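Report on the following structure.
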Amino acid sequence: MYLKPQPVIDKKLNSVMAFLVFAFTLGVYWLTQARSLSLWDAGEYITCSSILGVPHPPGNPFYILLGRFICLLGLNIPHAVLINFLSGLFSAFAVMFTYLFTVKLASMFEKDKLPIIISGVTGALLTAFSFTFWNNAIEAEVYSGLAFTINLIIWLTFVWLEKSKDFSDQNIFVLIVYIFFLGFCIHQTSLQIAPAILFIIIYPLIKDHIGTSKFWLKAALYLFILLMAYLIANPIGTAIKFPGFPKVAFAVLSFALMYFNLKDKIEKPAWIWSFVFLLIGLSPHFFLFFRSYFRPFINEGYPHTLDLFMDYVLRRQYGTTSFTVRRASFWYQLDFHLLRYFSKQFFSFEWIQTVFGSYSFLLKSLFAMLVGGLGLGGAFYQFKKNKHSFAYFFSIFFMVSIAMVFVMNLSDAEVRDRDYFFTTAYNMWAVYMGFGALGLISAVKKFGKPAVILMSVLMLSVPAVNLISEYKIHDRHKEFIALDYGINILNGLEENAIVFTNGDNDTFPVWYAQAVADPHAKEHVYPQTNVQPDSESLEAIKKAMEFKNKQCKGIRKDVSVANLSLLNTPWYIRQMRDREGILLGIPDKQIDRIYPAQLPKETKIKIPARGGLPEFTITLPKDKLLWIKDFLVIQIIKENYGLRPIYFAVTVADKVGFEDHLINEGMVARLVPEKGKDMVNMERTKKNAEEIYSYRGIDDDEIYKDEAMKRLLVNYGASFQRMAYKYLQQGKYEIAAENLYKAARFRELRMRDYLMIIQLYQEGKNFDKAYRIITEALKKYPANYELNMQAFLYMMESEKFNEAEILLSNAVKINPEGEKLPWAIENFGKDSGNREKAVSLLNKIKDNVSSDTFEYYLKRIQNQ
140 MYLKPQPVID
150 KKLNSVMAFL
160 VFAFTLGVYW
170 LTQARSLSLW
180 DAGEYITCSS
190 ILGVPHPPGN
200 PFYILLGRFI
210 CLLGLNIPHA
220 VLINFLSGLF
230 SAFAVMFTYL
240 FTVKLASMFE
250 KDKLPIIISG
260 VTGALLTAFS
270 FTFWNNAIEA
280 EVYSGLAFTI
290 NLIIWLTFVW
300 LEKSKDFSDQ
310 NIFVLIVYIF
320 FLGFCIHQTS
330 LQIAPAILFI
340 IIYPLIKDHI
350 GTSKFWLKAA
360 LYLFILLMAY
370 LIANPIGTAI
380 KFPGFPKVAF
390 AVLSFALMYF
400 NLKDKIEKPA
410 WIWSFVFLLI
420 GLSPHFFLFF
430 RSYFRPFINE
440 GYPHTLDLFM
450 DYVLRRQYGT
460 TSFTVRRASF
470 WYQLDFHLLR
480 YFSKQFFSFE
490 WIQTVFGSYS
500 FLLKSLFAML
510 VGGLGLGGAF
520 YQFKKNKHSF
530 AYFFSIFFMV
540 SIAMVFVMNL
550 SDAEVRDRDY
560 FFTTAYNMWA
570 VYMGFGALGL
580 ISAVKKFGKP
590 AVILMSVLML
600 SVPAVNLISE
610 YKIHDRHKEF
620 IALDYGINIL
630 NGLEENAIVF
640 TNGDNDTFPV
650 WYAQAVADPH
660 AKEHVYPQTN
670 VQPDSESLEA
680 IKKAMEFKNK
690 QCKGIRKDVS
700 VANLSLLNTP
710 WYIRQMRDRE
720 GILLGIPDKQ
730 IDRIYPAQLP
740 KETKIKIPAR
750 GGLPEFTITL
760 PKDKLLWIKD
770 FLVIQIIKEN
780 YGLRPIYFAV
790 TVADKVGFED
800 HLINEGMVAR
810 LVPEKGKDMV
820 NMERTKKNAE
830 EIYSYRGIDD
840 DEIYKDEAMK
850 RLLVNYGASF
860 QRMAYKYLQQ
870 GKYEIAAENL
880 YKAARFRELR
890 MRDYLMIIQL
900 YQEGKNFDKA
910 YRIITEALKK
920 YPANYELNMQ
930 AFLYMMESEK
940 FNEAEILLSN
950 AVKINPEGEK
960 LPWAIENFGK
970 DSGNREKAVS
980 LLNKIKDNVS
990 SDTFEYYLKR
1000 IQNQ
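Numbering (our numbering) for the sequence shown: 140 to 1003.
And the structure:
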């Protein structure tokens, strides 16, 4: 039983196969890569790479520096394309290293080249085109870089293990340490596999002692020491306001124990150089400190002092997470945050449903059994053939799956899917599936070479079918929904506007549109109306524009974006005051002393007259809790009202008492002195919705829309709905119906929507359009009583009695208690002349109407 990887495949063949895996994967990624920003963090990462900004904590400094370097070499290629391609490049390399380390592990228990190669290719390609891994590869995401560093480290560990003779080849050990901490500068979870890598390194030393009581006593002692150190460090960290102190103490003590046990095996220069390269690996963090001092356009956390820098890197703004205080039960976390996402990784159910229809649930079960069975079979086969190889790889899988769930300690109320935290776990499961493929190929060897070739082809078809099933979901090359959302918010605003936004998905696209030159972004500016900026406001705007024109290359730099989530932080308040041209007369010391407060009584807040606009007052109820952001919204409005147009994005839920002073203009609502409910600027909303806004890809069924996209698109539909209700109030029924129907582009019409549209067309005397909607609705809701009755009435009006008979029969079958049925049946018999059918239908509802009603309508039909 081999302890190290064996040279089964010659280097040239292995290199060629690795390159082919890399090239094929990168090619598919390029074909499906987004050509602009995507939702969530992608817009922020592209923007920060383009302008050398400081993203949200902990900053991912090496990713941003590398992205900026690539942008400088851009050769007139849009920065979004370059940074998205960087993710694809990272991911393709990660897939290549998946192939390489899979081959090394397989070589410890397989002597034939072909099964090993098939195993490596299967595991690599299943990784490449799994749901989350592919997502990370086609948009600007740090998890692609994380996958690259982790898989490179795993491969280097086995290279070192293969070459090492009594730990003599220690330059690779130093390189592994460097990549670990360089990877930490891409994403801090790069250290998640460190315990497993340490285990693989020391395993050859301890394998002969595992069966002895002395070994287990020593292991138990070390574990006890580490746990006690963590528990003791926890209150110390709280006392010194350093929440990460227990983890640092745990890491330092782990390193000390490792040094104590390996100091005789690894030479002193290797330890020294490892420490040196550890510091070099961490050095990109200095970029955050120095760049923040110069206050770039995006400067989250403003980590320009040592205290702020430590808060930033240690992610203190997100609060502390303890291993011991669970945010949800461990079993819930394991099921909801690991296994639930695991079921989405391979063989898209949406594709299965589309292609196979009624057989989809059966096939979904079969594919799930394939994924589970091939992976479990692969793990069992590896364990059976070589327990050393199994121990190496299982230690990695354990750390990125079960241990990761424990360490991340995710809550049961996360704001978005967190599947990306477990990308490495799904990557490693794909490797287990590769081992399963190897086991099946080995099992058919006894049937001869044709059987081996056939099984090899079958195993390669597994990642091929998976790729086909996931392709549409991941094809983003024509998707501009996130970009359009950002430019639509900006282009609907008047010049020099202030707009309050809510969170990531209505802020990052706006920042991107302002800061990054994108050939797909077109600018539109409404001139200012109903405001009169004074000299102070004009000077502040001029100063802000000088700053933005130096840093930003996008559209609508005149707009000041105030993100409400960030307005709870002192650094962002200062940025709004100093860099965005927003008048905000709050001195620095007072900014640090703003705290949430609950109002002791009903409070009236007066917004003073300014710029030709009259004053108005809002009333806040007793006991209302005002957050820091709420105080800032009120203060910004107080000081800038009448000087600049002020808007709230429609995604903002809490308008801090200003909701009755907002008039909707599409994706935004403008602050006005008038008070009213559900006010709509019809002229501006209509122009924005029908002329200014861009809706690229929304009508293209080839472009996949995930749930986050669908939620954003609903906001477009809401603009048409608001106009529809206003037209309805004006008695313009047909125009109201048309606007309601236009809303269907952006969200799925429900039954009540169809019924309202039909009613409005009928009120407007446009029966042909009413019937068109009825027909469309019936395809979707064939068993709806109201729709069948509406269609029946239309057919009767058109004297299409055969069609009317079918629809009336359906209505009787669906709801024999329908109160309009006796009347409808009577009219059908009278107008069509088919009294026999009318009597037959009346008899079908006999038990559902009173005897008097039945006799009354029966006589009327018979006497026609």
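Even for Gly, the Cβ is constructed at its ideal location relative to N, Cα and C.
In this text, all values refer to a predicted model and were calculated from it rather than measured experimentally.
If you check the CB distance, phenylalanine 787 and phenylalanine 639 come in under 8 Å. Around the Cβ of asparagine 982, a 10 Å sphere holds fewer than 16 other Cβ atoms; the residue is exposed. For threonine 444, DSSP records no beta bridge to any residue. In this chain, the beta strand (DSSP E) harbouring alanine 808 covers 807-810.
Beta-carbon to beta-carbon, serine 175 and leucine 477 are separated by about 32 Å, too far to satisfy the 8 Å threshold.
Take the alpha-carbon of proline 921 and the one of asparagine 927: they are about 8 Å apart. Segment contact: the region 526-536 against the region 333-341, three or more CB-CB distances shorter than 8 Å; contact assigned. Using a Cβ distance threshold of 8 Å, leucine 265 and histidine 326 do not count as a contacting pair.
Listed in chain order, the non-local C-beta contacts of leucine 782 below 8 Å within the same chain comprise Val670, Gln671, Pro672, Asp673, Ser676, Leu722, Arg749, Gly750, local neighbours out to five positions each way being set aside. DSSP, read as helix, strand or coil, puts glutamate 406 in coil. In this structure, the CA atom of alanine 857 is about 22 Å from the CA atom of lysine 908.
According to the DSSP assignment, isoleucine 802 belongs to the beta strand (DSSP E) that extends over 801-803. Sequence-distant partners of histidine 195 (beyond 5 residues in either direction) whose C-beta falls short of 6 Å from its own C-beta, in its chain, are Glu439.
Of all alpha-carbon atoms in Ala847, Glu956, Thr271, the one lying nearest the alpha-carbon of histidine 613 is that of Thr271. When DSSP assignments are scanned along the region 245-322, the uninterrupted stretches of alpha helix (DSSP H) that are 4 or more residues long and fall wholly within it turn out to be 252-267, 270-276, 281-302.
According to the DSSP assignment, leucine 947 belongs to the alpha helix (DSSP H) that extends over 940-953.
Sequence-distant partners of alanine 636 (beyond 5 residues in either direction) whose C-beta falls short of 8 Å from its own C-beta, in its chain, are Asp697, Val698, Ser699, Arg783, Pro784, Ile785, Tyr786. Straight-line spacing of the CA atoms in phenylalanine 967 and alanine 977 works out to 7 Å. Ranked by how close their Cα comes to the Cα of isoleucine 289, the residues Gly227, Ala564, Asp793 have Ala564 in first place. Taking tyrosine 843 as the centre and dropping the five residues before and after it, the same chain places the C-beta of Lys611, Ile612 closer than 6 Å to its C-beta, in chain order. Taking lysine 814 as reference, the option from Leu894, Asp799, Tyr168 with the minimal CA-CA separation is Asp799. For lysine 689, the uninterrupted alpha helix (DSSP H) run begins and ends at 674-690, by DSSP. With a cutoff of 8 Å on beta-carbon distance, tyrosine 665 and proline 648 are scored as not near each other.
The DSSP-derived three-state label of arginine 430 is helix. Within 10 angstroms of the beta-carbon of glutamine 472 lie 16 or more other beta-carbons, which makes it buried. Below 8 Å, too few C-beta pairs join the region 493-500 and the region 198-218 to call them touching: fewer than three.
DSSP places asparagine 702 inside the beta strand (DSSP E), whose first and last residues are 699-702.
Residue pairing by DSSP places phenylalanine 885 in no beta bridge whatsoever. Here leucine 764 is bridged, per DSSP, to Gln737. In this structure, the alpha-carbon of arginine 615 lies about 38 Å from that of tryptophan 766. Separation of asparagine 310 and serine 226 (C-alpha to C-alpha, rounded to the nearest whole angstrom) is 28 Å. Rounded to whole angstroms, the Cβ separation of proline 144 and glutamate 249 is 11 Å, and the two are not in contact under 8 Å. Per DSSP, phenylalanine 967 lies in no beta strand (DSSP E); the unbroken alpha helix (DSSP H) holding it starts and ends at 960-971.
The continuous beta strand (DSSP E) containing lysine 745 extends over residues 742-746. Assignment of valine 193 by DSSP, reduced to helix, strand and coil, places it in the strand class. Inter-residue distance for glutamate 754 and aspartate 793 is about 22 Å (C-alpha atoms, whole angstroms).
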